[in-house]
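Asks: Can you keep this structure in mind? I'll have questions shortly.
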Amino acid sequence: MITQESLFRFKEFIDSKVKNVLDLLKTIQADSQSDFENASFEHIKENFNSIKQNISDGISKFEKILQKLDKELAWEDLCVGFFGETNAGKSTLIEALIGGDGRSIGDGRKDFTREVKHFEYQNIKLIDMPGIEGRERHVEREIKRAVRKAHIIFYIISSTKEPERETLNKVKSYLGSKTKIYSVINVRCGIDAFKYKKSIEGDNLSIIFERTKTSMNEIFGGCYDGMIVCHALLGFYAKGRPKQDNLKDGQRKALEYFGKNRDAILQMSRLNELETLISYGTKNVNAEIIRSNAYEAIGAISSTLGRIIKNKKELDLNIKQCENNFRQKKEEILNTIAKYKNEATTEIEIMLDNERNELVEKVYKAIDNELTEEQIKNEIKKTEKIIARELKEKLNEVVSSLNEEVGKVMEELQGRIALQGKFLSILGLEINIKEIIEKLEISALYIGKQILESLLAIRMFFFGLLGIIAGVFVFFKKILDWFFGDPEKRKKDAKMKARYEIKKAIDKIKKEITKGLNKEFNNISSNFYIQFKGFENQIRGLRKCIAEFNKYIMELKKFQREISTEMCRLLLGREDIEAYIDKINSRPYICILGATNIEEPNFKDLSIDLEHVWCFNDIEELEHRYTYKNSDGEPQDDKSEFLNRAVEVFLYNQKTTA
Ligand SMILES: Nc1nc2c(ncn2[C@@H]2O[C@H](COP(=O)(O)OP(=O)(O)O)[C@@H](O)[C@H]2O)c(=O)[nH]1
Ligand SMILES: [Mg+2]
């Protein structure tokens, strides 16, 4: 049994944790501020500014939730909420339980109970609520607030009006993280039906009971705890002290039919089943309060986390895709540049080899025909012109293909990034993808310009090289001067020397061309690198931001773990355990470290199905046994998703407390 004192200590604990969560959120806000201001690019700074705005909006929203939570948590009393459509019999049921005067019972008008009312019943508060079908804003707000305050909810259903799915879904939306809801079917029939003291359940009713149970189970899942059938008005006649004439009249009739035996009336009304259920709840009021309030806090953290994690996952994925696109296209472009460099070098070499052969032939002929110096000079000049023209053509061809190919790759990259469409959202914010695309476009133009400039540079450089060929001529003059002895032998020698000089000149040109092409193509590559660096920095900045977020997410989860642990220590009566509770598909799951065989009854207080409880000696055992992931790195089912989260949280705890 949990004492009042330990309840009070737990309240202090939750209070301080809630404050811690708020502090952490403020830290996130402050940290993001400085992170964003350090962003080095003007346009991305603007984007970050609007993220900042969105985060602070989100935080103030969460702050309000937490403050409200802090204010509305009911610590002193167990509150039981009575919830349902108008005329279902909520007020009648409460009046029956408290033996009231029936003043709150409706007269059939739609809006009889318009305010939330509290009634004392033993040491519990019963909360009577207006009809759920009401659409008035202030009524809805009242209901929501009362539901949040209640530790147990009774959903009252009139046997003559089965709940519609739409209504049940609305109830569910009110419930939030509440864990316990019971349905109470109020069997309605006229008092004359009891003249012959038949049972209140007929065959046609049992169909309604089953249908209700099924749909409640479907909609509320693990929160649904069972169904009770009773006759509210009869219960009121048994216990109440009516003031109004019609109710007085009814009570008189009832007493008449049941031989003035109030107990017999009470038994027929089956109000005692509801009383038993409530007293079962009150037996461990404190456990109920602890569990319900801790779940409230865990639920608030967990739902905020859920939103952040979902956004962050999207963000991670988008950034990864963006990075992959950049990396892949960068490689493609660099390969393209290298390919054209090799192609240009090889083709120019082949061309020069051909020209060399032609030049040699021309010179041989010149020697054979004993041409004059002037004639030889002209021949060489002609060759020079041909080489210059061919080089120019070759280069134009290479550079324009290179330009085209690089442009195509850039276009593809733009297309892919545009396709990513809904890009980067933190708390619903969109980062300006258009801007990145526009920048890419400018980059493509810039790189194209660089390529053309490189072409010019190479061309200028070639013209300089051509002088080397002209230099060959100088040797000819010498060769011709050297003629002596047997003219055929002299010519042979001259040819050999000429061939040697031509080869030397062309080889020199080849070497210089390779060097020059290398330099210019490297220039193109490094210009391109500079263009891409900007984008990569943007992505890196975002990544840093995400890494910070991961830290905060883990810190928030840590609070979830601390509250879970404190609650389990109290409710399971053991100090040597660590626990983590989380909700997956709105069902609570629990993982406990330090205990291998906890007795089943203890888990009743935690309101968790035994099949959602996992016990391990320590984190090693948990880690060893449960890190189930499929090929995408996503957990396969609820169980492994939860246990993966638990491993993550416990490991983080170890790391931060070590
Ligand atoms: N015949 C009959 N009338 C009932 C029963 N329970 C409630 N009523 C009547 O239904 C009307 C609305 O009941 P009330 O408890 O105020 O419904 P609430 O709107 O859910 O609070 C009142 O006139 C009640 O007398 C019942 O079991 N049998
Ligand atoms: Mg009412």
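In the numbering used here, the protein residues as written are 150 to 807.
Note that beta-carbon positions come from the ideal geometry of N, C-alpha and C, so glycine has one too.
These numbers come from a predicted model, not from an experiment.
Taking only heavy atoms of ligand 1 into account, decide whether any of them is closer than 6 angstroms to the Cβ of Lys239.
Replies: The residue you call residue 239 lines up with position 90 of the sequence shown. Correct: Lys239 has its Cβ closer than 6 angstroms to ligand 1.
Asks: Under 8 angstroms, with one C-beta from each stretch per pair, do the stretch 328-345 and the stretch 273-286 reach the 3-pair mark?
Replies: Not touching, per the Cβ criterion.
Asks: Locate the alpha helix (DSSP H) running through Asn410, then write down its first and last residues.
Replies: As a first step, residue 410 is located in the sequence shown; it is residue number 261 there, counting from the start. Looking at the DSSP string, Asn410 is not in any alpha helix (DSSP H), and its letter there is neither H nor E.
Asks: Could you give the distance in angstroms between the alpha-carbon of Phe799 and the alpha-carbon of Asn442?
Replies: Your numbering for residue 799 matches position 650 in the sequence shown. Your numbering for residue 442 matches position 293 in the sequence shown. Cα to Cα, the separation comes out at about 23 angstroms.
Asks: With a threshold of 6 angstroms on Cβ separation, who are the neighbours of Gly375 within its own chain once the five nearest residues in sequence on each side are excluded?
Replies: Position 226 of the sequence shown, counted from the first residue, corresponds to residue 375. Cβ within range, chain order: Tyr331.
Asks: What does the Cβ neighbour count give for Ser240, buried or exposed, with the cut at 16 atoms within 10 Å?
Replies: Counting from 1 along the sequence shown, the entry for residue 240 is found at position 91. It is buried - the Cβ of Ser240 has at least 16 other Cβ atoms within 10 Å.
Asks: How would you call Asn552, buried or exposed, if buried means at least 16 neighbouring beta carbons within 10 angstroms?
Replies: Numbered from its first residue, the sequence shown carries residue 552 at position 403. Asn552 comes out buried.
Asks: For the putative contact between Ile438 and His267, defined by C-beta atoms under 8 angstroms, what is the C-beta separation to the nearest angstrom?
Replies: The count along the sequence shown starts at 1 and reaches residue 438 at position 289. The count along the sequence shown starts at 1 and reaches residue 267 at position 118. That belief does not hold up - the Cβ atoms of Ile438 and His267 are roughly 16 angstroms apart, past 8 angstroms.
Asks: By Cβ distance below 8 angstroms, which residues in the same chain neighbour Phe407 in space, the five residues on each side in sequence not counted?
Replies: To locate residue 407, count along the sequence shown from 1; it is residue 258. Here the set comprises Phe343, Lys346, Ala413, Ile414, Met417.
Asks: Tell me where the alpha helix (DSSP H) around Lys319 begins and ends.
Replies: As a working note, residue 319 is residue 170 in the sequence shown. From DSSP, the alpha helix (DSSP H) with Lys319 extends over 314-324.
Asks: Taking 8 angstroms as the cut-off, does the stretch 529-548 touch the stretch 494-514 (at least 3 CB pairs, one atom from each stretch)?
Replies: With a cut-off of 8 angstroms, the stretch 529-548 and the stretch 494-514 count as touching, because enough Cβ pairs lie within range.
Asks: Determine which residues share a DSSP beta bridge with Lys310 and list them.
Replies: For the purposes of this step, residue 310 is taken as the residue at position 161 of the sequence shown. Answer is Ser307.
Asks: Helix, strand or coil, according to DSSP, for Lys266 in the structure here?
Replies: Residue numbering aside, residue 266 sits at position 117 when the sequence shown is read from its first letter. Reduced to three states, the DSSP call for Lys266 is strand.
Asks: What's the C-alpha gap between Gly570 and Leu562?
Replies: Within the sequence shown, residue 570 is the residue found at index 421, counting from 1. Within the sequence shown, residue 562 is the residue found at index 413, counting from 1. Residue confidence for Gly570 is low, a pLDDT of 46 falling below 50, so the modelled location carries little weight; the figure read from the coordinates is stated next. Near 13 angstroms, if we compare the C-alpha coordinates of Leu562 and Gly570.
Asks: Take Asn734 and list the residues in its own chain whose beta-carbon comes closer than 8 angstroms to its own, dropping the five residues that flank it on each side.
Replies: Here residue 734 refers to the residue found at position 585 when the sequence shown is read from its first residue. If we look at Asn734 and ignore the five residues flanking it on each side, its Cβ neighbours are Gly370, Asp787.
Asks: Just the C-alpha distance for Phe358 and Ile302, rounded to the nearest angstrom, thanks.
Replies: Numbered from 1 along the sequence shown, position 209 holds the residue referred to as residue 358. Numbered from 1 along the sequence shown, position 153 holds the residue referred to as residue 302. Phe358 and Ile302: Cα-Cα distance of roughly 18 angstroms.
Asks: Indicate the three-state DSSP secondary structure (helix, strand or coil) for Ala807 in the structure shown.
Replies: Along the sequence shown, read from residue 1 onward, the residue named residue 807 stands at position 658. Looking at Ala807 - three-state DSSP - the assignment turns out to be coil, as it is neither helix nor strand.
Asks: Taking just the CA atoms, how far does Asn473 sit from Glu191?
Replies: As a first step, residue 191 is located in the sequence shown; it is residue number 42 there, counting from the start. As a first step, residue 473 is located in the sequence shown; it is residue number 324 there, counting from the start. Any reading at Glu191 needs caution, since the residue's pLDDT is 44, under 50, leaving its predicted position unreliable; the model's value is listed next. Rounded to whole angstroms, Glu191 to Asn473 spans 24 angstroms at the Cα level.
Asks: Looking at Gly389 and ligand 2, is the gap between the Cβ and the nearest heavy atom below 6 angstroms?
Replies: On the sequence shown, position 240 is the one that residue 389 refers to. The answer is no for Gly389.
Asks: Can you name, in chain order, every residue of its own chain whose Cβ lies under 6 angstroms from the Cβ of Val558, other than the five neighbours on each side?
Replies: Within the sequence shown, the letter at position 409 stands for residue 558. So the list reads Lys478, Glu481, Ile482, once near-sequence residues are dropped.
Asks: Let's see if you can read the secondary structure: which residues bound the alpha helix (DSSP H) around Asp767?
Replies: As a position in the sequence shown, residue 767 is number 618, starting the count at 1. Counting along the chain, Asp767 falls outside any alpha helix (DSSP H), and DSSP gives it neither H nor E.
Asks: Looking at ligand 1, does it come within less than 6 angstroms of Thr316, judged from the CB to the closest heavy atom?
Replies: As a position in the sequence shown, residue 316 is number 167, starting the count at 1. Checking every heavy atom of ligand 1 against the Cβ of Thr316, none is found closer than 6 angstroms.
Asks: Taking 6 angstroms as the cut-off, is the beta-carbon of Gly384 closer than that to any non-hydrogen atom of ligand 2?
Replies: Within the sequence shown, numbered from 1, the residue matching residue 384 stands at position 235. Incorrect: Gly384 has no Cβ contact closer than 6 angstroms to ligand 2.
Asks: Give me whichever residues DSSP pairs with Asn895 in a beta bridge.
Replies: The shown model of the chain, from 150 to 807, leaves out residue 895, and the question about it has no answer.
Asks: Taking 7 angstroms as the threshold (C-beta atoms), are Ala387 and Arg419 in contact?
Replies: By 1-based counting over the sequence shown, the position of residue 419 is 270. By 1-based counting over the sequence shown, the position of residue 387 is 238. The answer is no: Cβ separation not under 7 angstroms.
Asks: Going by other Cβ atoms of all chains shown within 10 Å of its Cβ, with 16 needed for buried, is His862 buried or exposed?
Replies: An answer regarding residue 862 cannot be provided, because it is not within the stretch 150 to 807 covered by the chain.
Asks: Assign Ala696 to one of two classes, buried (16 or more other C-beta atoms within 10 Å of its C-beta) or exposed (fewer than that).
Replies: Walking along the sequence shown from the start, residue 696 turns up at place 547. It counts as exposed.
Asks: Ala299 lies in the alpha helix (DSSP H); which residues open and close that run?
Replies: Residue mapping note: residue 299 aligns to position 150 of the sequence shown, counting from 1. Neither: Ala299 is in no alpha helix (DSSP H) and is coded neither H nor E.
Asks: Tell me whether Asn236, by its Cβ, gets closer than 6 angstroms to a heavy atom of ligand 1.
Replies: By one-based count along the sequence shown, residue 236 stands at place 87. Under cutoff, so the answer is yes.
Asks: Ligand 1 and His380: does any heavy atom of the ligand fall closer than 6 angstroms to the residue's C-beta?
Replies: As a working note, residue 380 is residue 231 in the sequence shown. Under cutoff, so the answer is yes.
Asks: If you draw a straight line from the C-alpha of Glu244 to the C-alpha of Phe698, how long is it?
Replies: Taking the first residue of the sequence shown as position 1, residue 244 is located at position 95. Taking the first residue of the sequence shown as position 1, residue 698 is located at position 549. Rounded to the nearest angstrom, the two C-alpha atoms are 52 angstroms apart.
Asks: With H, G and I counted as helix, E and B as strand and the rest as coil, what does DSSP make of Arg476?
Replies: Residue numbering aside, residue 476 sits at position 327 when the sequence shown is read from its first letter. In this structure, Arg476 counts as helix in the three-state DSSP scheme.
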